[in-house]
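For any residue, its number in this note's numbering is found by taking its place in the sequence shown, counting from 1, and adding 336.
Just so you know, even glycine gets a beta-carbon here, dropped at the ideal spot from N, CA and C.
Quantities reported herein were computed from a predicted structural model and do not represent experimental measurements.
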Amino acid sequence: MRKKLLTVLFGACFCFMLSGCGNIGDDKLVLRIANCEEYIDEGYWGEDEIIELESGDIFSEDSLIDDFEIWYGETYGEEIEVEYSTYGTNEELYNQMSLGNVFDLVCPSDYMIMKLMEEERLEPLSEEFFDESNPENYYINGVSPYIEGVFESLERNGESLSIYSAGYMWGTMGLVYNPEILSESDVAHWSVLLDSDYYKRITMKDGVRDSFFVAQCIANEEKVMQEDYLSDPLYYQNLSALLNDTSKEAVDVAEDILSEMRKNAYSLETDSGKADMITGKVVANMQWSGDAVYTLDQAEEDGCLLNYSVPEECTNLWFDGWVMMKNGISEDTRKKQAAEAFLNYISMPENVVRNMYYIGYTSAISGGESDVIKEYLEYMYGAEEGDEVAEYDLSYFFGQDYVLECSKEQTKRQLLAQYPTEEIIERAVVMNCFDEEANERIMQMWTNIRCFDLF
Numbered sequence: 337m338r339k340k341l342l343t344v345l346f347g348a349c350f351c352f353m354l355s356g357c358g359n360i361g362d363d364k365l366v367l368r369i370a371n372c373e374e375y376i377d378e379g380y381w382g383e384d385e386i387i388e389l390e391s392g393d394i395f396s397e398d399s400l401i402d403d404f405e406i407w408y409g410e411t412y413g414e415e416i417e418v419e420y421s422t423y424g425t426n427e428e429l430y431n432q433m434s435l436g437n438v439f440d441l442v443c444p445s446d447y448m449i450m451k452l453m454e455e456e457r458l459e460p461l462s463e464e465f466f467d468e469s470n471p472e473n474y475y476i477n478g479v480s481p482y483i484e485g486v487f488e489s490l491e492r493n494g495e496s497l498s499i500y501s502a503g504y505m506w507g508t509m510g511l512v513y514n515p516e517i518l519s520e521s522d523v524a525h526w527s528v529l530l531d532s533d534y535y536k537r538i539t540m541k542d543g544v545r546d547s548f549f550v551a552q553c554i555a556n557e558e559k560v561m562q563e564d565y566l567s568d569p570l571y572y573q574n575l576s577a578l579l580n581d582t583s584k585e586a587v588d589v590a591e592d593i594l595s596e597m598r599k600n601a602y603s604l605e606t607d608s609g610k611a612d613m614i615t616g617k618v619v620a621n622m623q624w625s626g627d628a629v630y631t632l633d634q635a636e637e638d639g640c641l642l643n644y645s646v647p648e649e650c651t652n653l654w655f656d657g658w659v660m661m662k663n664g665i666s667e668d669t670r671k672k673q674a675a676e677a678f679l680n681y682i683s684m685p686e687n688v689v690r691n692m693y694y695i696g697y698t699s700a701i702s703g704g705e706s707d708v709i710k711e712y713l714e715y716m717y718g719a720e721e722g723d724e725v726a727e728y729d730l731s732y733f734f735g736q737d738y739v740l741e742c743s744k745e746q747t748k749r750q751l752l753a754q755y756p757t758e759e760i761i762e763r764a765v766v767m768n769c770f771d772e773e774a775n776e777r778i779m780q781m782w783t784n785i786r787c788f789d790l791f
């Protein structure tokens with residue numbers, strides 16, 4: 337049985353400060369980190385939260401930030417202070433930096449990384465950071481070959497994202513649904529969100545990019561499911577171009593679909609969909625995979641088993657990655673060393689487990705030669721006596737043969753949400769960073785949906 341996801345503690349022991357605040361000496365090493373809210377292990381685990389693995393128990397008393405400060409001092413012989421602040425969305429982070437807030441290390445999503453690269457605002461990771469012969473380079477020695485391949489394949493200004501960013505969390509977009517109300521065939525396609533049989537019983541994301549992507553999937557459902565399309569050697573390139581089409585014609589079609597979806601939906605939401613699923617107000621919810629895990633966990637505690645589905649036509653492959661800001665690092669070798677040390681620290685397998693257990697999302701780290709991540713998977717999802725057993729192949733993620741023996745129900749539940757199958761990722765597309773004209777067109781469309789399609 338899956339262990340209880342730790343409830344996030346509000347008002348934890350982080351001091352959220354803007355750069356320049358406090359009485360800090362000029363010679364003291366200060367690392368300014370900005371991350372999404374509730375997106376790192378904040379510690380204070382309960383006594384029943386010990387993760388018992390074959391290689392050793394994992395438990396968290398203090399936050400990863402606090403532990404990093406201690407570890408850095410012991411490892412590098414220099415005291416460090418982390419000024420840790422949070423933001424709600426990528427756009428909020430961008431606005432903070434535009435208003436003058438200076439950070440050394442931030443963790444935006446895929447498209448925002450592309451935008452910052454285009455604006456030449458990022459500091460490249462050092463060659464030493466990618467030195468696989470150094471056993472303390474936990475990131476490069478532990479990152480999933482699949483995730484690293486995705487980062488290398490995406491480019492801006494003729495440069496790969498892997499030069500500037502280190503993967504943090506990743507996942508898919510899918511549907512959380514109540515299997516007592518909807519069947520697997522009902523949620524096999526995104527168009528279930530338009531089904532009048534579930535009028536005011538579904539929710540959609542209050543996010544223009546997420547909802548626009550789903551509308552594109554619906555608009556092109558028939559085309560992308562045709563055999564000649566699926567068998568084309570350029571299938572992935574074609575799918576990516578199709579779903580990232582921001583022409584006026586494509587946006588107009590998406591607006592019509594979203595207008596119908598908005599009228600059919602119980603609500604537009606960014607966070608309330610989890611609670612609405614748990615309480616039974618809605619029976620299906622467009623959801624990011626990490627939030628899906630939280631929803632399934634909480635519902636299970638209340639005695640309700642929900643499932644997760646990734647529609648057959650396609651899905652969004654999303655990821656968040658750490659990047660160093662050029663104006664923050666400012667050619668300061670001490671800061672750059674500290675920033676890269678932080679990335680390696682949170683990539684240690686034990687710390688990866690702490691993060692995944694605490695926030696419910698899936699790390700880009702597979703662990704390399706360490707078996708800790710695999711042990712954690714078996715601890716969370718391994719089949720128990722009396723379970724109907726299924727074999728779940730995750731060789732693509734670990735870069736080596738690895739098949740998890742799990743309970744069959746987990747292939748439709750938390751395990752599927754955390755670690756999609758290879759078949760799913762083959763039809764998963766990253767959303768691009770759109771140009772200014774496209775953004776204006778899409779934002780106008782979204783304003784129409786949010787402000788005028790109320791009934």
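Worksheet item: Going straight from the alpha carbon of L511 to that of Q573, what length do you get?
Response: A straight line joining the alpha-carbon of L511 with that of Q573 spans about 25 Å.
ask   = Which word fits C349, buried or exposed, when buried means at least 16 other C-beta atoms lie within 10 angstroms of its C-beta?
value = Model confidence at C349 stands at a pLDDT of 36, short of 50, so the residue's coordinates are unreliable; what they give is reported in the following sentence. With a threshold of 16 other beta carbon atoms within 10 Å, C349 falls short and is exposed.
- Just reading off the beta strand (DSSP E) that C553 is part of, what are its end residues? Secondary structure note for C553: it is in no beta strand (DSSP E), and the uninterrupted alpha helix (DSSP H) holding it is V544 to A555.
Notebook entry, point to check: Nearest-angstrom Cα distance between E484 and Y500?
Noted result: The straight-line gap from Cα to Cα measures roughly 12 Å.
Report yes or no: do three or more beta-carbon pairs, one from the region 368-381 and one from the region 420-429, lie closer than 8 Å?
-> When C-beta atoms of the region 368-381 are compared with those of the region 420-429, three or more pairs fall below 8 Å, so the two segments count as touching.
* Please name the residue or residues paired with K606 in a DSSP beta bridge. => The question names Lys, but residue 606 is Thr in the sequence shown. Answer is none; T606 lacks a bridge partner.
Run of the beta strand (DSSP E) containing Q623, from where it starts to where it stops
Where Q623 is concerned, the enclosing beta strand (DSSP E) stretches over A620 to W624.
Find out if the Cβ-Cβ distance for the pair E454, N493 is shorter than 8 Å. Yes, they are a contact pair.
- [ ] Classify Y630 as buried or exposed, calling it buried when 16 or more other Cβ atoms lie within 10 Å of its own Cβ.
- [x] Taking all protein chains in view, the Cβ of Y630 is crowded by 16 or more other Cβ atoms within 10 Å, so the residue is classified as buried.
Worksheet item: When DSSP labels each residue in this structure, what does E419 get in the three-state scheme?
Response: If DSSP states are grouped into helix, strand and coil, E419 belongs with the strands.
Pairwise C-alpha distance: N600 and S462
N600 has its alpha-carbon roughly 50 Å from the corresponding atom of S462.
According to the Cβ coordinates, are Y475 and N680 closer than 8 Å?
Taking C-beta atoms as the reference points, Y475 and N680 count as a pair closer than 8 Å.
Count Cβ pairs between the region 750-763 and the region 424-439 that sit closer than 8 Å; are there 3 or more?
No, the region 750-763 is not in contact with the region 424-439.
Leaving out five residues on either side along the sequence, give the residues of the same chain with a beta carbon under 6 Å from the beta carbon of N426. Excluding positions up to five away in sequence, the list reads P444, S445 and M448.
- Query: Taking the beta strand (DSSP E) that C650 falls in, what are its first and last residues?
  - Reply: For C650, no beta strand (DSSP E) segment is defined, and its DSSP state is neither H nor E.
task: Would you list the one or two residues that DSSP bridges to R368?
output: The partner list for R368 (beta bridge, DSSP) reads E419.
- Query: Is it right to say Q736 is buried, meaning 16 or more other beta carbons lie within 10 angstroms of its own, or is it exposed?
  - Reply: Counting Cβ neighbours within 10 Å, Q736 comes out exposed, since fewer than 16 surround it.
Checklist entry - By how many angstroms is the C-alpha of R690 removed from the C-alpha of A551? => result Their Cα atoms are separated by approximately 36 Å.
If you check the beta carbons only, do W658 and Y504 fall under 8 Å apart?
Cβ atoms of W658 and Y504: closer than 8 Å.
Which one or two residues does DSSP pair with R492 in a beta bridge? R492 pairs with E495.
Quiz item: Alpha carbon to alpha carbon, how far is R598 from V523?
Solution: One C-alpha to the other measures close to 18 Å.
| task | Kindly indicate which three-state DSSP category N470 falls into: helix, strand or coil? | result | Taken through DSSP and simplified to helix, strand or coil, N470 comes out as coil.
Between which two residues does the alpha helix (DSSP H) holding Y412 run?
Segment L400 to Y412, the alpha helix (DSSP H) holding Y412.
My guess is that D633 and Q750 are in contact by the Cβ rule of under 8 Å, so how many angstroms apart are they, rounded?
Going by Cβ atoms, the distance from D633 to Q750 rounds to 7 Å, so yes, they are a contact pair.
F733 versus I701: straight-line alpha-carbon distance, rounded: Approximately 9 Å between the Cα atoms of the pair.
**Request:** Note the first and the last residue of the continuous beta strand (DSSP E) segment covering I376.
**Result:** From DSSP, I376 is part of no beta strand (DSSP E); its letter is neither H nor E.
request  = Run the CB neighbour count on Y535, radius 10 Å, all protein chains shown included, and call it buried at 16 or more, exposed below.
outcome  = Exposed: under 16 other Cβ atoms inside 10 Å.
- Taking the alpha-carbon positions, what's the A774 to D564 distance? Those two C-alpha atoms are separated by around 30 Å.
Expressed to the nearest angstrom, what Euclidean distance is found between the alpha-carbon atoms of G382 and I695? So the two alpha carbons sit approximately 15 Å from each other.
* Asked: What residue from L740, L389, D377 and D581 has the CA that sits closest to Y712's CA?
  -> The residue with the shortest Cα to Cα distance from Y712 is L389.
### Query
Pairing CB atoms from the region 661-681 with CB atoms from the region 553-560, are three or more of them under 8 Å?
No contact exists between the region 661-681 and the region 553-560.
Exercise for review: Consult DSSP for D737 and reduce its assignment to one of helix, strand or coil.
Suggested key: Annotated three-state conformation of D737 is coil, per DSSP.
Give the range of the beta strand (DSSP E) segment to which T508 is assigned. Boundaries of the beta strand (DSSP E) harbouring T508: S501 to Y513, taken from the DSSP string.
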